[in-house]
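J.: Protein chains in written order, with the working numbering: chain A, 1 to 147; chain B, 1 to 501. Beta carbons are placed, not taken as given, at the ideal position from N, Cα and C, and that holds for glycine. So that we are looking at the same thing, I have put the structure below in C-alpha cells.
Rendered as C-alpha cells:
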C-alpha cells in the first residue's frame with residue numbers, strides 16, 4: 001500500500017504508539033469501579049481514546065493525499081540535542097560554568113554560519129550574563145565550579 | 001458601582017507600589033522584546049521566567065508574567081509593519097496593510113495607530129475584566145464537580161475547534177496531554193502511575209518541562225532548519241510618527257470595532273489574541289466602502305487587528321481568573337504559575353486574594369500605559385534589535401530554557417525529560433500537529449480526573465449525573481452541538497476559509 005499522507009500517518013503512529021505503551025504500562029493498575037475510581041480507571045479510558053484517535057489519523061494518512069514530510073536536517077537536530085544533554089549531565093557535578101560553556105559551544109555549531117571567533121564571543125558574553133544574573137543576582141542555588 | 005471603584009482603588013494601591021511598578025515594567029519590556037523578535041513567543045518566555053518568579057510575592061510574579069503576554073502583542077506589530085514578518089502569530093494580518101503602509105513611507109503612522117489602538121483596546125478590556133469577572137465568579141461558585149467536568153470538556157473541545165490545522169490531530173493532542181497529566185502519584189490514592197521507576201517522576205512531570213520541550217527546544221531546532229541561509233532583512237524606515245487627521249478619522253471606528261471583536265473572542269476557549277485579530281481584519285474589510293484598499297496600506301487594516309489582539313489577550317484572563325479554566329496555552333502557564341505560589345485558580349481567588357486579583361487587573365492598565373511610551377518614542381531601539389541574526393539569538397534561548405528547567409527543582413533529570421519533549425515536539429512539527437492543545441490537556445488532566453471522581457462519588461456511581469444536573473447538562477449539550485457543527489462538512493469549510501484569510 002502506498003502512503004498518501006505521510007504527515008498524518010506519522011502522527012497516527014506516534015499517537016497510537018504512545019497510547020499502546022500507556023495501556024501496556026497501566027495493565028495492572030487497579031481499575032476500581034465508577035463509584036470508587038481506582039488509579040487505573042481514567043488513564044485506561046484516556047488511553048483507549050488516544051489509541052482510537054491514533055488509528056483513525058493513521059488510516060487517514062493511508063487513504064487521503066497530503067503533503068510529504070519536510071526533509072530532516074541532521075546537523076541542527078543532533079547538535080542541539082547533544083548540547084542540551086551535555087548541559088544535563090555536567091551541571092550537577094561539574095557546575096554551571098562548564099555546563100553552560102559546553103551547551104553554548106556545541107549548540108553554536110548547529111548553525112553553519114557561525115564563525116569560531118563569534119562562537120567564543122557569544123559563549124563568553126552569555127556565560128558572564130548567566131553568572132551575573134542567575135548566580136550573583138537572583139542567587140539561584142547552582143553549583144558554580146566542579147566539586 | 002462604588003464597590004467596583006473601591007476594588008479598583010485597592011488594585012491600583014497594589015499595582016502602583018514601587019516594587020510592582022518595576023515588575024510590571026520588566027514584564028512589558030520583556031514582552032515587547034520577544035514580541036519584536038520573530039521565533040520567540042510569549043509561551044516559551046513565560047515558561048523560562050517562571051523559576052525566576054518563585055522568590056517573588058505571587059502578585060508581583062503574576063503582574064510580570066501577564067505583562068509579558070500582552071506586551072508581546074505590542075512588540076509583534078513592530079516587526080510585522082517594519083519587516084513584514086509577524087513577530088507573533090497574532091500579528092500575521094497586521095503584515096498585510098502595515099507593511100504596505102511602510103513601503104509607502106508611512107511606517108510611522110502605522111506604528112502609532114497600532115500602539116494607540118492597542119492602548120485604547122487595553123483600557124476598555126481592563127474595564128471589562130473588572131466589571132465582568134465578579135458576576136462570573138459568583139456563578140462559578142454554584143458549580144459542582146459534575147458541572148466542572150462538563151465545563152472542562154466543553155472548554156477543551158472549543159479550544160480545539162478554534163485552533164488552526166487538523167481537528168482530529170488537535171483532539172489527539174489534547175488527549176495525549178490528558179494522558180501525560182496522569183504521570184506521577186494519583187491524587188486520591190497515592191498510587192504511582194507511569195513513573196517507570198524513575199523517582200523524579202513521582203510528583204508528575206512539571207509543566208515547565210513540557211512547555212520548554214515543546215515550545216523552546218523543538219522550536220529552536222525547527223527554526224534552525226528553516227533559517228539556514230536567511231541573513232539580512234530589509235527594515236523599512238520609520239519616518240514621521242504622527243498620523244494625519246484623515247488617518248485618525250479612518251482608524252477611530254476600526255479601533256473600537258476591533259476592541260469589541262477581540263474582547264469577545266478573547267473570552268472563548270482557544271481564543272486569546274490570535275483569533276480576534278483575524279476576525280477583526282475580515283470584518284473591517286467587509287464593512288469598508290472600498291475593500292480594494294485593503295492589502296495596499298489601509299490604516300483600518302492595522303488599527304482593527306492590533307486593537308483586537310490586545311483586547312483579546314486581556315479578556316482571555318477572565319475565564320482563567322473566574323473559573324480556573326485556561327482558554328489558551330499561555331493561560332495554562334499562568335495557572336501553573338499560580339499553583340506554584342500555592343493559589344488554586346478559581347472563583348475563590350477574587351474573594352480570598354482580592355489584592356492579587358485587583359492588583360493584576362490594575363497593573364494591566366498601568367502596563368498598557370508603559371507600552372505606549374516604550375513603543376513609540378523608543379521605536380528606534382527596537383528597530384536596531386531586529387537586525388540581530390538568529391544565529392546569535394538561539395544559543396541564548398537554549399541557555400535560558402536549560403537554566404529555567406533546571407532551576408525548577410535543581411534536577412538534571414528534568415532537563416533530560418525536557419529534551420525528550422523537545423524531540424516529541426520536533427516530531428509534531430514535522431507532522432503538522434499544533435503543540436498548544438497538548439499543554440491545555442496536560443494542565444486540565446488531573447483536574448478533570450478529580451472532578452469526574454468526585455461527581456461519581458456524589459452520585460453513587462451513576463454516570464447519569466452529568467445529564468441530570470441542569471448546568472452540566474447545558475454544558476454537555478453545547479459540547480455536542482459544537483461537535484456536530486464541526487463534523488458537519490459545510491461548517492468545516494467555513495472554518496477552514498476563516499483561517500485561510
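Nearest CA to the CA of residue 95/A: which residue from 3/A, 145/A and 22/A?
T.: Among 3/A, 145/A and 22/A, the Cα nearest to that of residue 95/A is on 145/A.
J.: Using 8 Å as the threshold, is the C-beta distance between residue 67/B and residue 34/B below it?
T.: The answer is no: Cβ separation not under 8 Å.
J.: Nearest by alpha-carbon distance to residue 138/A: which of 244/B, 325/B, 327/B and 55/B is it?
T.: Measuring from the Cα of residue 138/A, the nearest candidate turns out to be 55/B.
J.: Rounded C-beta distance between residue 136/B and residue 444/B? I'm assuming under 8 Å.
T.: Contact doesn't hold; Cβ gap of about 19 Å is too wide.
J.: Compute the Euclidean distance between the alpha carbons of residue 76/A and residue 111/A, then round it to the nearest angstrom.
T.: The alpha-carbon atoms of residue 76/A and residue 111/A are separated by roughly 7 Å.
J.: Quick one: residues in its chain with C-beta nearer than 8 Å to the C-beta of residue 172/B, no 5 flanking neighbours on either side, listed in chain order?
T.: Once the five neighbours on either side are set aside, the close Cβ partners of residue 172/B are 433.
J.: In chain order, which continuous runs of the alpha helix (DSSP H) of length 4 or greater are located wholly inside the region 422-476 of chain B?
T.: Listed in chain order, they are 436-458 and 465-468.
J.: In chain order, what residues of the same chain lie with their CB nearer than 8 Å to the CB of residue 337/B, ignoring the 5 residues before and after it?
T.: Excluding residues within five positions, the ones whose Cβ falls inside 8 Å are 46, 50, 53, 61, 62 and 65.
J.: Got a sec: is the Cβ-Cβ distance from residue 461/B to anything in chain A below 8 Å?
T.: For residue 461/B, the answer is yes, since a Cβ of chain A falls inside 8 Å of its Cβ.
J.: Answer with buried or exposed for residue 229/B, where buried requires no fewer than 16 other C-beta atoms within 10 angstroms of its C-beta.
T.: Confidence at residue 229/B is low in this model, with a pLDDT of 47, below 50, so its placement is unreliable and no value can be given for it.
J.: Would residue 31/A pass as an interface residue toward chain B - the criterion being a Cβ-Cβ separation below 8 Å?
T.: Closer than 8 Å: no.
J.: With a cut-off of 8 Å, do at least 3 Cβ pairs link the region 22-34 of chain B to the region 367-374 of chain B?
T.: The answer is yes - the region 367-374 of chain B touches the region 22-34 of chain B, with three or more Cβ pairs under 8 Å.
J.: DSSP three-state label for residue 31/A, please.
T.: The answer is coil: DSSP assigns residue 31/A none of H, G, I, E or B.
J.: Taking one C-beta from the region 10-27 of chain B and one from the region 120-128 of chain A each time, how about it: are there three or more such pairs within less than 8 Å?
T.: The region 10-27 of chain B is not in contact with the region 120-128 of chain A.
J.: Since residue 125/B contacts residue 315/B with CB under 8 Å, what's their CB separation in whole angstroms?
T.: About 5 Å; that satisfies the 8 Å criterion.
J.: Buried or exposed: residue 141/B, going by 16 or more other Cβ atoms within 10 Å of its Cβ?
T.: Flag for residue 141/B reads exposed.
J.: Taking only three categories from DSSP, how would you classify residue 192/B?
T.: In the structure shown, residue 192/B sits in a strand (DSSP, three-state: E or B).
J.: Just verifying my parser: in three-state terms, what is the DSSP assignment at residue 182/B?
T.: It is coil, neither helix nor strand.
J.: Between the Cα of residue 474/B and the Cα atoms of 184/B, 370/B, 354/B and 149/B, which residue gives the shortest distance?
T.: Closest by alpha carbon: 149/B.
J.: Would you call residue 307/B buried or exposed, if buried means 16 or more other Cβ atoms sit within 10 Å of its Cβ?
T.: It is buried - the Cβ of residue 307/B has at least 16 other Cβ atoms within 10 Å.
J.: What does a CB cutoff of less than 6 Å around residue 478/B pick up in its chain, not counting 5 residues either side in sequence?
T.: Cβ within range, chain order: 154.
J.: So the candidates are 151/B, 198/B, 364/B and 104/B; which of them puts its Cα closest to the Cα of residue 327/B?
T.: The shortest C-alpha separation from residue 327/B is found at 151/B.
J.: The alpha helix (DSSP H) that contains residue 53/A, what's its start and end?
T.: Start and end: 41-63.
J.: Using a Cβ cut-off of 8 Å (strictly closer), state whether residue 92/A contacts chain B.
T.: For residue 92/A, the answer is yes, since a Cβ of chain B falls inside 8 Å of its Cβ.
J.: Would you mind working out which of 184/B, 362/B, 397/B and 211/B sits nearest residue 25/A, comparing C-alpha positions?
T.: Measuring from the Cα of residue 25/A, the nearest candidate turns out to be 184/B.
J.: Enumerate in chain order the residues of its own chain whose CB-to-CB distance from residue 247/B is below 6 Å, with the five nearest sequence positions on each side excluded.
T.: 109 and 299, listed in sequence order.
J.: If contact means a Cβ-Cβ distance below 9 Å, which residues of the region 367-395 of chain B contact chain A?
T.: Taking 9 Å as the Cβ-Cβ cut-off against chain A, the residues of the region 367-395 of chain B that qualify are 389, 390, 391, 392, 394 and 395.
J.: Assess contact between the region 318-325 of chain B and the region 338-352 of chain B, defined as three or more Cβ pairs (one per stretch) separated by less than 8 Å. Is contact present?
T.: Segments in contact, yes.
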